[in-house]
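Chemist: My questions will all concern the structure given below.
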Amino acid sequence: MSHVSNCLKMISILNSSGLVKSKDLTSMLEVKERMIRKYKSDIEMAGIQIGAKAGRYGGYYLEKKSAFPEMEFQQHELNALEILKVTYYQNYRLLER
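Heads up: the sequence shown begins at 96 in this note's numbering, then just goes up one per residue.
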């Protein structure tokens, strides 16, 4: 994966999981521990603060989870997305022929 996509994935993992060990992040992102520190630095340069807890039970966590609120769609928005999806796949199938 690219550097940016790994940074975004790291933010997503921390946002949904809370405290995550560095070794777990390396496994999920399939990178070395050094890259996790680089991603942390780059994410913080973008204005998203990541906390670190040292020790055996330590890891990384997002300082403010509210930076990435859960997305909630209203029913009319879900209906519009469904129409777009159906239309896209119908047009895609027409192009394949």
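Each residue gets a CB set at the ideal place from its N, CA and C atoms; glycine is no exception.
For I143, does the three-state DSSP call read helix, strand or coil?
Modeler: Of the three classes helix, strand and coil, the one that applies to I143 here is coil, per DSSP.
Chemist: With distances taken Cα to Cα, identify the nearest neighbour of S111 among E139, H171, K159.
Modeler: Out of E139, H171, K159, K159 has the C-alpha closest to the C-alpha of S111.
Chemist: Could you pull out every residue in the same chain whose Cβ sits closer than 7 Å to the Cβ of Y134, ignoring the five residues on either side in sequence?
Modeler: N101, C102, M105.
Chemist: According to DSSP, which residues form a beta bridge with Y155?
Modeler: V115, A147, per the DSSP bridge assignment.
Chemist: Just verifying my parser: in three-state terms, what is the DSSP assignment at K135?
Modeler: Here K135 sits in helix by DSSP.
Chemist: Can you list, in chain order, the residues of its chain with a C-beta nearer than 6 Å to that of L120? Leave out the 5 residues immediately preceding and following it.
Modeler: Closer than 6 Å at the Cβ level, and outside the excluded window around L120, lie I131.
Chemist: Taking L109 as the reference, which of A175, L173, L179, Y156 has the closest Cα?
Modeler: Per the Cα distances, Y156.
Chemist: Here's a check: name, in chain order, each residue in its chain whose Cβ is nearer than 8 Å to the Cβ of E139, leaving out the five neighbours to either side.
Modeler: Excluding positions up to five away in sequence, the list reads I145.
Chemist: Three-state secondary structure (DSSP) at V126?
Modeler: It is coil, neither helix nor strand.
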